[in-house]
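Participant:
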Amino acid sequence: MDKVIIHYHKQTDTMDIWFGNPTDEYLCEEVGEGVILKKDKNGKVIGIEKLYVTKTLSLSIEQPLPVEVVMS
4 MDKVIIHYHK
14 QTDTMDIWFG
24 NPTDEYLCEE
34 VGEGVILKKD
44 KNGKVIGIEK
54 LYVTKTLSLS
64 IEQPLPVEVV
74 MS
């Protein structure tokens with residue numbers, strides 16, 4: 004795995020987590036309430052989108068989101 008990109012969209016309260024190239028997104032599949040897998044042409048999962056981030060995690064928009072960074 005190269006790098007992980009995490010992007011929070013304040014206006015839509017969504018978070019994208021990419022562990023593949025975002026431009027390779029071909030298909031999206033909702034797999035749970037507010038959880039969407041983003042796949043490439045071969046069906047490989049290259050990202051995850053989480054909807055309703057602050058509501059689901061009981062956070063206010065002013066609070067920083069808890070993120071753990073692990074270097075390997």
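Under the working numbering, the residues of the sequence shown are numbered 4 to 75, in order. Idealized CB from N, CA, C, for every residue including glycine.
Taking the alpha-carbon positions, what's the isoleucine 9 to methionine 18 distance?
Facilitator: So the two alpha carbons sit approximately 7 Å from each other.
Participant: Just the Cα atoms here: how many angstroms apart are isoleucine 49 and valine 38?
Facilitator: When rounded, the distance between both Cα atoms is 14 Å.
Participant: Look at the alpha carbon of threonine 57 and the alpha carbon of lysine 44, and state the distance between them as a whole number of angstroms.
Facilitator: Answer to the nearest angstrom: the Cα atoms are 31 Å apart.
Participant: Per the DSSP calculation, aspartate 19 is bridged to which residue(s)?
Facilitator: Bridge partners of aspartate 19: His10, Glu52.
Participant: Helix, strand or coil for lysine 58? Go by DSSP, reduced to three states.
Facilitator: The answer is helix: DSSP assigns lysine 58 an H, G or I state.
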